[in-house]
Every structure is written in C-alpha cells, then in structure tokens.
Amino acid sequence: MRIRPTELGLKGLMLLAALEVAFLAASYSNLFFLLIAFCCVLGGLGLLWAIGNVRPVRVQIAAVPLAAADAPRTLQLVLQAGRGTRFDLDLEIVVQGIAVELGHVPLAAGTSTLSVQLRGLPRGVQRVQHLGVTSRFPFGFFRVRRDLLVDAEIVTHPGPARAPGGARQAMALAARFAATGSSTSSVAGLRPFRSGDSTSDVHWKASARRGAPIVKERELERGGGLEIVLDRRCSTARLEEALSIAASAVLAARESERPLRLLSQDSVLEWSRGRRDDQAMLRWLAAASTLPASAPNPPAGAAGCVHLPGGPPAEGDDA
Amino acid sequence: MPECLFPLLFVLTLLDLGFVEATAVVSGSELVPLWLLAAASPWLRRLQRYWLYRCFWNLGVLVVFALLVRHATTTGLLHMLEDGLLLAVLCQVHLLNNIGERQRPDLIFFNSFLVAFVTSFFAADLVWSLLFVAHSFVLVPTLQVYALARREPQLARDLLRAVLRDSVPRTVAVGCVTALVFVVWPRDFHRDGWLGEAMALGRDFEAGLAEQIRIDHEQPTLLSDALVMQIRPASGRAEQVPSHWRATAFSIFDGATWLPQDSGSFGSRLSTDDPWRGRRDGSWQRTAAPAGGVLQVRLHDLDTKRLLCPLQSTVIRLGNGEGLLLDAKSYGVLAFLRLEDAPLSWIDYTVALGGPPAPVPPSPGARAHLLSLPGNGLPGVVQDLAARLRAQLPADADAERIARASCDWLREHRRYQLPGGPGFARNIGEFLLGSGAGHCEYFATALALLLRLQDVPCRLVGGYLAHEWDAQSGALVVRARDAHAWVEAMLPDGVWITLDATPPSDVFGNRRDESSWWGSVRTNLESLWSDVVMFDGKKRLRWLQALGDLPEALAARPFGVLMGLGGAIGVLCLWRRRRQSLPAIVELQRAVRATGLALQRGETPRELLARAAAAADVDPRRLQGLREAAQRHEARRYAPPAARP
Chain A
74 MRIRPTELGL KGLMLLAALE VAFLAASYSN LFFLLIAFCC VLGGLGLLWA
124 IGNVRPVRVQ IAAVPLAAAD APRTLQLVLQ AGRGTRFDLD LEIVVQGIAV
174 ELGHVPLAAG TSTLSVQLRG LPRGVQRVQH LGVTSRFPFG FFRVRRDLLV
224 DAEIVTHPGP ARAPGGARQA MALAARFAAT GSSTSSVAGL RPFRSGDSTS
274 DVHWKASARR GAPIVKEREL ERGGGLEIVL DRRCSTARLE EALSIAASAV
324 LAARESERPL RLLSQDSVLE WSRGRRDDQA MLRWLAAAST LPASAPNPPA
374 GAAGCVHLPG GPPAEGDDA
Chain B
5 MPECLFPLLF VLTLLDLGFV EATAVVSGSE LVPLWLLAAA SPWLRRLQRY
55 WLYRCFWNLG VLVVFALLVR HATTTGLLHM LEDGLLLAVL CQVHLLNNIG
105 ERQRPDLIFF NSFLVAFVTS FFAADLVWSL LFVAHSFVLV PTLQVYALAR
155 REPQLARDLL RAVLRDSVPR TVAVGCVTAL VFVVWPRDFH RDGWLGEAMA
205 LGRDFEAGLA EQIRIDHEQP TLLSDALVMQ IRPASGRAEQ VPSHWRATAF
255 SIFDGATWLP QDSGSFGSRL STDDPWRGRR DGSWQRTAAP AGGVLQVRLH
305 DLDTKRLLCP LQSTVIRLGN GEGLLLDAKS YGVLAFLRLE DAPLSWIDYT
355 VALGGPPAPV PPSPGARAHL LSLPGNGLPG VVQDLAARLR AQLPADADAE
405 RIARASCDWL REHRRYQLPG GPGFARNIGE FLLGSGAGHC EYFATALALL
455 LRLQDVPCRL VGGYLAHEWD AQSGALVVRA RDAHAWVEAM LPDGVWITLD
505 ATPPSDVFGN RRDESSWWGS VRTNLESLWS DVVMFDGKKR LRWLQALGDL
555 PEALAARPFG VLMGLGGAIG VLCLWRRRRQ SLPAIVELQR AVRATGLALQ
605 RGETPRELLA RAAAAADVDP RRLQGLREAA QRHEARRYAP PAARP
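Read top to bottom, the protein sequences are chains A and B.
Every letter in the first sequence is one number past the one before it in my numbering, and letter 71, counting from 1, is 144.
Every letter in the second sequence is one number past the one before it in my numbering, and letter 434, counting from 1, is 438.
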C-alpha cells in the first residue's frame with residue numbers, strides 16, 4: 074500500500090503547521106486547541122478512512138479479449154467492494170512496467186462486473202503484473218494506492234498491414250478466401266484428439282475401437298484454404314509487416330470460415346471451422362519474434378502456399 | 005471546480021458570513037452587501053464570462069480592498085479587527101463568485117476554516133459553537149464531494165445522495181474523536197507561549213490602593229458557600245425581593261482600580277443620593293415613601309460592615325442593634341461600626357421598599373466626578389467602541405437609552421468567565437476587544453467606561469446578587485460566591501438606574517429560563533459550551549476519572565446497559581438492512597410512498613405502476629416520478645452489467 078499526500082493535503086499540512094506555530098506562540102486557549110485538534114483528527118481519520126476505502130477491494134480480470142495492436146478493447150472486471158460502500162476507485166493495470174489506466178469507479182458496493190476500456194497496446198503477449206486501485210476518498214488529503222496481484226495475460230496480435238505492399242498483399246489474401254468455393258474440406262485421415270479440436274470432428278467409431286478419442290484430420294481442399302509459410306529470419310520491420318499480413322489472413326479465414334495453415338520455424342498451426350482453439354494462431358502471431366540467420370528453414374509448404382515475408386530481402390535482413 | 009460542488013461552497017460562505025456576524029465586531033450594515041453578493045452568486049457567476057463584467061467586478065473588489073487596508077492601518081485596533089474580518093469574508097465572497105471550471109476550490113476551504121478560526125477568538129459563545137457544528141457538517145461532505153468530483157465532474161443524484169449520507173457518520177466520528185482528544189490530551193492550561201507577553205495588549209493599568217476593586221488580577225476565585233445573609237419577604241414571594249443588594253459604590257477609576265465614592269474626607273462627600281436620616285425610634289428613613297413590601301434580613305457576615313440593601317430601600321429598622329454605630333454613606337448605604345464587646349453573631353433588620361429613589365439633582369462637581377476618566381488614558385479599543393455604540397444611536401438619544409444600549413451590547417457580545425482559567429482577559433482592553441472573557445467586574449468596568457465616554461455619569465457598585473431561593477425556610481439565601489458588581493447610571497434629573505451588563509445566564513445559576521424546552525436546551529448547551537471554553541486541568545482530571553469509572557458505573561446498572569445495548573443493536577440492524585437495500589429498490593419505495601399507494605404482496609413494479617396510472621387521485625408529477633423510478637429499477641436490476649446506468 075502506497076500513501077502520498079495530495080496537493081490539497083500538502084496545503085492543508087502547511088496551514089496546520091502555521092496554526093501550530095501560532096498556537097505555541099500565543100498563550101494557551103481552549104478553542105485554539107480544539108480547532109487544531111479538529112484539523113489533526115480530520116487529517117488522521119481521513120488517512121485511516123482512505124486506507125479503509127481501498128484495503129478491502131478485490132479485483133479480478135474476468136475476460137481479456139484479443140485485440141489488434143493499438144486497438145482498444147473492453148476488459149471485464151469483477152470488483153468486490155467488501156462490506157460497505159467504496160467510493161472513488163481509480164483502476165489501472167501495470168503491463169510490463171507500464172501503467173495503463175482502466176477507468177474510474179465512483180461508487181462500488183458488493184460484487185459488480187465492470188466493463189472497462191483498455192487503450193491500444195503494442196503487439197505482444199503481455200503479462201499483467203498487477204492491478205492498481207487508487208483512491209483519494211474521503212477528504213482528498215491523501216492518495217492511497219494498493220497493488221493487487223492478478224493472473225492474466227493480454228494478447229495483442231498484429232494489426233492490419235500499413236505499408237502499401239503489405240496492405241495490398243493482405244487484401245489479395247482476403248480476396249482469395251472470398252473467391253474460393255465450398256468451405257468444406259475432405260477427411261485426409263485420423264489422428265488422436267488434441268486439445269482444441271472440435272467435438273464434431275470426433276470419429277466415434279474409431280474412438281470406440283481404439284479406446285481413446287480420435288478425430289478426423291481434414292485436408293485443405295484445393296482453392297478452399299490457404300497455407301502460409303512464415304520465415305522469421307528477417308529484419309524486425311519486415312517481420313512486423315509479414316505478421317500483419319498473416320494476421321489479416323487469419324482474420325479473413327475466420328470470417329469466411331476457410332481453413333488456414335501457418336508454417337514457421339518450429340511451429341505448424343492450423344485453423345479450420347469448428348476448432349475451438351481458434352485464438353492459438355493469433356496468440357502465436359502476437360508472440361512471434363525474429364530468428365537469427367543461422368536458424369533452420371521453415372517447413373516447406375504445399376504448392377501454391379504463400380511465403381512471407383514476400384519480395385526481395387531488404388537491407389538489414391539476416392537472411 | 006466541478007459544478008456540483010457549488011451549492012456546498014455557497015453554504016460554507018454563508019456560514020462564514022454568519023461567523024463574522026456573530027462576532028458583532030463588524031456592524032450588520034457593513035455585512036449586508038456581502039450577504040447580498042453571496043446570495044446572488046448562483047446568478048452573478050454566470051456573468052463572469054463577460055469581459056466587461058469581470059473588469060467591473062475585479063476593479064470593485066480592488067477598490068474595496070484598498071479602502072479597507074487604508075482604514076485598518078489608520079484607525080484603532082478595533083477597526084483593524086473589523087476590517088480584517090471584512091477582508092476575509094470579502095475574499096470568500098469574491099472566490100465564490102469567480103471560481104472557474106478549471107480552478108480548484110482549495111482556497112475557499114482554507115479561507116472558510118480560517119474565518120471560523122479567527123472569529124472563535126471574538127465570539128466564543130453558543131452561537132459560534134452552533135455555527136461551527138453546522139460548518140463541520142458542511143465542510144466534511146464538501147471535501148468528500150470534491151474528492152469524488154475530481155474524476156466525475158457531473159455527479160449523478162444517487163451518487164451525491166450516497167456521499168452526503170456517508171458524510172454524516174464521518175462528521176460525527178470526527179466530532180467525537182476531537183472531543184476525546186480535547187479531554188484526554190495532556191497539556192499546560194496556563195502556558196504563556198513564546199510571544200505571550202509581546203502579543204498582550206498594552207498594560208495601561210497598574211495596581212492601586214487598598215480597599216479597592218482591582219480588575220487586572222487573574223487569581224483563581226474561590227467560590228465560597230459561606231452564608232452572607234438571608235432575606236425573608238413578608239409576602240413569602242421571592243419575586244418581591246430585588247436581586248441587587250448594594251454594599252459599596254465606587255466612583256474613581258485610576259485605570260486598574262476602583263476607589264470607593266466616600267474615600268475622601270467626610271466633608272468632601274458628594275451629594276448624589278437620597279440620604280438616610282435617623283429617626284427617634286431608631287429606624288433610618290429616606291425621602292421616598294414606602295410603597296413596596298417589607299423584607300426581613302439576617303446579616304451573617306459582619307465583615308461587610310454595611311447593612312446591605314437594594315437601591316429602592318426607604319426604611320431600615322434594626323432588630324438587634326446593640327453595640328452598633330451606623331454611618332449613612334453618600335451613595336445610599338448604611339455602614340456600621342461594631343463595638344468590640346458587641347455580642348453579635350448576626351444582625352437582624354427589616355428593609356421597607358419604596359418606588360424609585362427620590363432624585364437628587366447632581367451638582368456640577370458631582371457630575372464631573374462621576375464622568376472622570378483615568379489620567380493615564382484609556383486603550384483605543386474602549387474609545388473606538390464607545391464612539392461606535394454612540395454612532396448607532398440617534399443624535400438626540402437620551403442618557404437612559406445610551407446607557408441601556410451599551411449595557412445590552414456588552415451582555416450580548418462579551419463572554420463571562422471567572423478569573424484564573426484559560427481564555428480570561430488579561431486587561432480591560434482584551435476584554436473589550438473580545439479576545440478574552442471577563443467576570444462581573446470586567447463587565448461593570450467596561451460599561452462604566454463606555455458610559456463615561458458617552459457623557460453619562462455613572463459609578464460601579466459592589467454588593468451581592470440574591471437569587472437562591474430556599475423554599476424550606478421561605479427565604480432567599482445569599483452566599484459569599486454571590487458577590488457581584490454592576491453599574492448605576494445617573495440620569496440628568498438625578499435619578500439612579502441599575503445596569504447589570506453581566507449576562508444573566510452566567511450569574512443567575514439557578515434562575516435560568518428552563519420553563520420552555522428551548523430554554524432548557526439552551527441552558528444545557530450554554531453550560532456545555534462554557535465547560536469547553538473554560539476547560540482546565542481540574543475539569544480534565546474529573547473527566548478522566550469519570551471515564552475510568554465508567555465500567556464500574558455500567559456494571560452497577562446491568563438492566564440499563566442491557567437496554568442500551570439492545571437498542572444499539574436494533575438500530576445497527578436497521579441501519580445494515582437499509583444499507584443492504586439496493587439503491588434502485590430504495591428509490592422505488594420512496595416513489596411509491598410519494599404516490600400514497602403501497603406495494604401489495606406479489607405485485608411487480610409494473611403492476612403497481614399500472615394501478616397508480618388507473619387511480620384517479622394520484623398526482624401526475626408523482627406518477628411520472630414513479631414511472632421513472634420503476635424504469636430505473638428495471639434497468640439496474642435486469643440489464644446486463646455493462647449496460648447498467
């Protein structure tokens with residue numbers, strides 16, 4: 074818990090000091106003493122009540138939706154005010170050492186769910202270090218802050234490509250999804266159930282035979298899906314652009330319900346309709362970073378796959 | 005400044021004006037413009053967006069400021085104080101009228117508290133204490149609203165109501181803890197302070213002679229219960245007995261000491277009163293004929309050396325006068341000389357009352373004597389005050405009106421306190437300035453000086469105040485602690501009138517007006533406040549002892565304690581239940597009550613609304629209020645959290 078006097082508190086303190094000096098300079102007077110005692114009690118109780126206003130507050134982050142870089146998102150918070158009513162609560166989260174303001178709760182009683190707007194963050198998977206609750210209530214003499222530990226991460230996937238080339242490529246990929254026909258894909262074989270698989274893909278007969286859940290593995294239908302090979306051995310700027318194009322492709326695939334496979338060094342990610350872990354690909358894109366030139370090649374894609382970053386290597390690329 | 009804060013700051017400013025008004029240092033007419041400007045501030049501040057108006061306003065404030073500073077530095081101390089208080093409230097009104105949206109109201113808070121603080125030195129009476137309680141109940145929620153409105157400039161009505169409700173227990177808690185600190189905190193009640201002497205007003209008065217009334221000593225007074233006399237009215241009615249019983253009159257004041265009127269030689273006695281004349285039957289009589297009742301007096305304290313009697317006595321007859329020699333003093337009292345072998349332990353005598361004493365036209369010498377002022381001058385504050393009081397009366401006001409106006413002013417605006425305690429004035433200047441309290445001698449001296457400065461001849465009278473009625477013996481009992489001082493003023497035709505400037509509630513211990521509930525409450529409040537102002541080490545010890553004995557006292561009354569605890573738990577439960585009610589439900593219930601209907605068992609708010617709409621006798625405005633409350637109730641209870649208002 075951190076306690077600091079506010080500007081009003083400092084001014085009040087100076088006034089009290091001046092009154093104290095006058096009190097000691099003049100001969101004793103009961104009313105003088107009474108008024109100084111009133112000031113001290115007001116300040117003292119103000120501090121105790123400010124601490125009491127913040128201490129019982131518990132806040133949990135109920136849901137953190139994914140959002141593109143620099144785009145705002147709405148967080149769901151569960152605020153428990155404890156017994157009684159709490160006033161004037163400022164909420165902020167500290168993400169990677171940076172405090173981000175969440176909002177102001179003028180009055181809280183019992184348990185309530187709040188929707189607060191979180192301003193845009195840069196791409197990445199950010200761990201929330203703690204959530205700060207600050208209050209100046211009741212008298213505004215002190216600012217009391219309490220940091221609450223919360224277990225949450227904020228995933229900010231790449232935003233839409235901004236460079237003209239990247240934007241064009243992203244639009245081309247989106248158009249490719251739109252131009253394709255049926256979204257259904259044919260079954261290529263069977264494999265064991267993996268976390269995130271849709272229950273509609275479970276092959277019940279095979280599961281019954283083998284005694285473990287087995288799902289149907291689908292093959293990207295010709296023209297119905299897309300395969301992206303992302304080579305991360307490039308400069309940061311090119312990677313960012315490539316990630317933006319890939320993110321656009323992922324969002325377009327989700328929108329048009331087309332299957333998508335993303336291949337990169339050490340990673341093969343798939344998305345198809347019905348998969349429950351549809352956010353895994355965006356999370357991977359949010360966390361992706363460049364690799365040195367000595368890193369192995371990405372897996373080879375099927376014919377017609379899209380290679381990213383596209384175009385000739387720029388100056389500064391590792392490859 | 006958030007707009008929602010303005011009403012609270014407005015009330016704070018009005019209370020500040022009330023504080024200054026309560027001091028009576030600033031005349032009411034000077035405060036009227038400020039009252040008007042403060043009252044009009046909700047409208048006037050809207051004009052602040054016009055450049056020309058701002059120029060006009062600021063110029064006006066600057067001019068008034070300059071005039072007040074000039075007046076304060078070129079006139080006496082009393083005016084300086086008056087101007088200082090005017091400046092303080094002028095600043096407050098100016099701030100209230102000019103604070104903008106982007107400005108902080110910090111200065112208004114501090115200035116408001118300072119006004120309350122400074123005025124406490126000059127009007128530490130019940131009115132000030134009540135104003136301060138009101139001030140606290142406004143200051144605390146104002147600070148709370150300010151803390152909240154920092155982020156929410158437009159507070160919703162519900163939120164504002166919740167904050168105001170929250171402020172009440174906090175204010176009470178602040179008051180209770182302050183009271184506890186005041187009682188428990190150990191301190192030196194007689195500390196002079198670093199600048200104690202330097203800050204004292206000039207000590208113009210030095211010690212005088214023996215047989216005198218000295219007003220510059222601060223020794224604690226012992227309030228003895230020793231019996232002085234008993235007065236038994238023939239009619240058996242206490243109302244028949246005059247309250248002021250004279251012993252000595254003092255006419256010469258040297259700045260610190262009052263000397264008796266007959267301190268000169270026998271031949272130089274002044275002819276100021278209807279003289280006592282001895283008769284053959286041993287009684288003493290004056291010109292005025294008996295017209296009132298007869299009082300039987302038994303004087304127990306023979307050290308008074310006076311046969312105490314009221315101003316309107318006409319006949320005194322001794323019951324056991326053996327061994328006594330009587331001497332009629334010029335101021336209308338019979339002094340006695342007791343022979344050494346006189347076997348007396350008390351003196352019985354009867355006093356016949358008449359109408360007003362017969363007038364004795366004053367000689368120019370006597371008049372000059374009764375108008376004389378100390379040769380070493382008077383503090384400026386006395387002269388300023390006398391001039392101001394005189395200015396408040398018409399030019400042709402007669403002596404009696406002048407005398408009564410000054411007497412009333414002192415009675416209403418100055419505090420009574422026995423010497424020796426904290427807050428007691430160190431001299432007559434501090435008393436008249438209002439920064440210290442005084443006892444009856446201060447009140448009488450102040451009145452006498454004010455009257456002489458306004459050309460009204462007068463003298464100070466020492467004696468006793470008869471007010472303790474003993475129903476068992478059917479007599480008024482006068483004790484040593486009833487010793488008192490007051491003033492007698494001589495009117496132009498030679499008639500004396502009694503003027504007692506000491507507040508009656510302070511001297512008539514058991515004659516207070518307790519007949520009405522307000523009188524009783526006021527008496528108790530005054531007594532409580534008097535305890536606060538005159539709190540000292542002895543009272544602190546007594547309070548601490550009472551606090552220490554509290555567990556024992558509670559244990560002695562188990563039934564009462566149980567009843568109290570039960571009541572407190574009941575109130576707490578009700579309070580908790582009320583707190584647990586959702587604001588939407590509370591608001592709905594309030595709206596239902598306003599329509600005069602009652603929510604029936606199993607009835608939904610919508611059904612109730614329909615019933616209210618069908619009823620012919622429901623006020624349309626209240627129906628609309630109910631409709632809005634029902635809608636808010638639904639929105640708050642059933643809408644998803646994100647959509648709740």
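The beta-carbon is built from N, C-alpha and C at its ideal position, and this holds for glycine as well.
Being a predicted model, the structure only gives us computed values, none of them experimental.
Original post:
Are any of the Cβ atoms in chain B nearer than 8 Å to that of A/H177?
Top reply: Judged by the 8 Å Cβ criterion, A/H177 is in contact with chain B.
**OP:** Can you check the segment 289-364 of chain A for any alpha helix (DSSP H) of at least 4 residues that lies completely inside it and give the ranges in chain order?
**Re:** Along the segment 289-364 of chain A, the alpha helix (DSSP H) occurs as fully enclosed runs of 4 or more residues at 309-329, 353-360, listed in sequence order.
Original post:
Which chain B residues sit within Cβ distance under 9 Å of A/P195?
Top reply: None at all; the shortest Cβ gap to chain B is about 26 Å.
Subject >> Rounded distance between the beta-carbons of A/E300 and A/C378, thought under 8 Å >> reply: A/C378 to A/E300, Cβ: 4 Å. Contact.
Subject >> Assigned secondary structure, B/S133 (DSSP; H/G/I helix, E/B strand, else coil) >> reply: Assignment of B/S133 by DSSP, reduced to helix, strand and coil, places it in the helix class.
Original post:
What residue does the alpha helix (DSSP H) around B/Y57 start on, and which one ends it?
Top reply: Looking at the DSSP string, the run of the alpha helix (DSSP H) that includes B/Y57 is 55-78.
**OP:** Note down, in chain order, all residues in the segment 529-557 of chain B with a beta-carbon under 9 Å from any beta-carbon belonging to chain A.
**Re:** Answer in chain order: V536, V537, M538, F539, D540.
**OP:** Determine the closest residue to B/Q158 out of B/P6, B/G433, B/L35, with distance taken between C-alpha atoms.
**Re:** Of the candidates B/P6, B/G433, B/L35, the residue whose Cα lies closest to the Cα of B/Q158 is B/P6.
Original post:
Can you tell me whether DSSP reads B/F254 as helix, strand or coil?
Top reply: Residue state, collapsed to three classes: strand.
**OP:** Tell me where the alpha helix (DSSP H) around B/W198 begins and ends.
**Re:** DSSP places B/W198 in no alpha helix (DSSP H); its state is neither H nor E.
**OP:** At 8 Å on the CB atoms, spell out the chain D contacts of B/R191, in chain order.
**Re:** The structure shown contains no chain D; its protein chains are A and B.
Original post:
What's the C-alpha gap between B/P365 and B/P314?
Top reply: In this model, B/P365 and B/P314 are separated by some 20 Å (Cα to Cα).
Original post:
Closer than 8 Å, Cβ to any Cβ of chain A: which residues of the segment 457-482 of chain B, in chain order?
Top reply: The residues in question: there are none.
Original post:
Taking Cβ positions, are A/L88 and B/F257 nearer each other than 8 Å?
Top reply: Not closer than 8 Å, so no.
Original post:
Does the beta-carbon distance from B/L357 to B/G297 come in below 8 Å?
Top reply: For the 8 Å CB-CB criterion, B/L357 and B/G297 form a contact.
Subject >> Identified DSSP bridge partners for B/A493 >> reply: According to DSSP, B/A493 shares a beta bridge with B/C462, B/I501.
Subject >> Extent of the continuous beta strand (DSSP E) to which A/G197 belongs >> reply: 197-208 is the extent of the beta strand (DSSP E) around A/G197.
**OP:** Consider the Cβ of B/S124: report whether some Cβ of chain A lies at a distance smaller than 8 Å.
**Re:** Yes, contact with chain A.
Original post:
When DSSP labels each residue in this structure, what does B/I320 get in the three-state scheme?
Top reply: The answer is strand: DSSP assigns B/I320 an E or B state.
**OP:** For A/E294, decide whether its Cβ has a neighbour in chain B, counting only Cβ atoms nearer than 8 Å.
**Re:** Because the pLDDT of A/E294 is 42, which lies under 50, any placement of that residue in the model is unreliable, and the number read from its coordinates should be weighed accordingly. For A/E294, no Cβ of chain B is located within less than 8 Å of the residue's own Cβ.
Original post:
With 8 Å set as the bound, which would you pick, yes or no: does the beta-carbon of A/P211 sit closer than that to a beta-carbon of chain B?
Top reply: Yes, its Cβ sits closer than 8 Å to a Cβ of chain B.
Original post:
For A/A141, which residues does DSSP report across the bridge?
Top reply: Under DSSP, A/A141 takes part in a beta bridge, and its partners are A/H230.
Original post:
Is the beta carbon of B/P507 sitting closer than 8 Å to the one on B/R415?
Top reply: Yes. Within cutoff.
Original post:
Quick one: which chain B residues come within Cβ less than 7 Å of A/A98?
Top reply: Going along chain B in sequence order, the residues near A/A98 (Cβ under 7 Å) are G197, W198, L199.
Subject >> Beta bridge counterpart(s) of A/I171 as assigned by DSSP >> reply: A/V168.
**OP:** Within the same chain, show all residues whose beta-carbon is closer than 8 Å to that of A/T147, passing over the 5 residues directly before and after it, in chain order.
**Re:** Counting only Cβ-Cβ distances below 8 Å, and skipping sequence neighbours, we find P138, S188, V189, Q190, L191.
**OP:** Look up B/F125 in the DSSP assignment and say whether it is helix, strand or coil.
**Re:** Reduced to three states, the DSSP call for B/F125 is coil.
**OP:** Spell out whether any CB of chain B is found under 8 Å from the CB atom of A/A373.
**Re:** Judged by the 8 Å Cβ criterion, A/A373 is not in contact with chain B.
Subject >> B/W522 burial status per 10 Å Cβ neighbour count (16 or more: buried) >> reply: Burial state of B/W522 is exposed, judged by a 10 Å Cβ sphere holding fewer than 16 other Cβ atoms.
**OP:** If I'm right that B/F126 touches B/S439 with Cβ under 8 Å, what's the distance once you round it to whole angstroms?
**Re:** With a Cβ gap of about 6 Å, B/F126 and B/S439 count as contacting.
**OP:** Report the option in B/A370, B/P562, B/G574, B/W579 whose CA atom is closest to the CA atom of B/G498.
**Re:** Put simply, of B/A370, B/P562, B/G574, B/W579 the residue whose alpha carbon is nearest the alpha carbon of B/G498 is B/A370.
Original post:
If B/Y150 and A/G170 are in contact, beta carbons under 8 Å, what's the gap, nearest whole angstrom?
Top reply: Separation of the CB atoms of B/Y150 and A/G170 is rounded to 32 Å, and the pair is thereby denied contact status at 8 Å.
**OP:** Please confirm whether B/V185 and A/A110 have their CB atoms less than 8 Å apart.
**Re:** Cβ distance < 8 Å, so B/V185 and A/A110 count as in contact.
Original post:
Whose C-beta lies closer than 6 Å to the C-beta of B/E210 among residues of the same chain, with five residues either side of it excluded?
Top reply: Any reading at B/E210 needs caution, since the residue's pLDDT is 33, under 50, leaving its predicted position unreliable; the model's value is listed next. By the criterion of a C-beta distance shorter than 6 Å, B/E210 is surrounded in its chain by A260, once the five residues flanking it on both sides are discounted.
Subject >> Alpha-carbon to alpha-carbon, B/S255 and B/W262 >> reply: Counting only the Cα atoms, B/S255 lies some 7 Å from B/W262.
**OP:** Could you check the C-alpha separation between A/T207 and A/H177 for me, to the nearest Å?
**Re:** Across the structure, A/T207 and A/H177 are spaced so that their CA atoms are roughly 9 Å apart.
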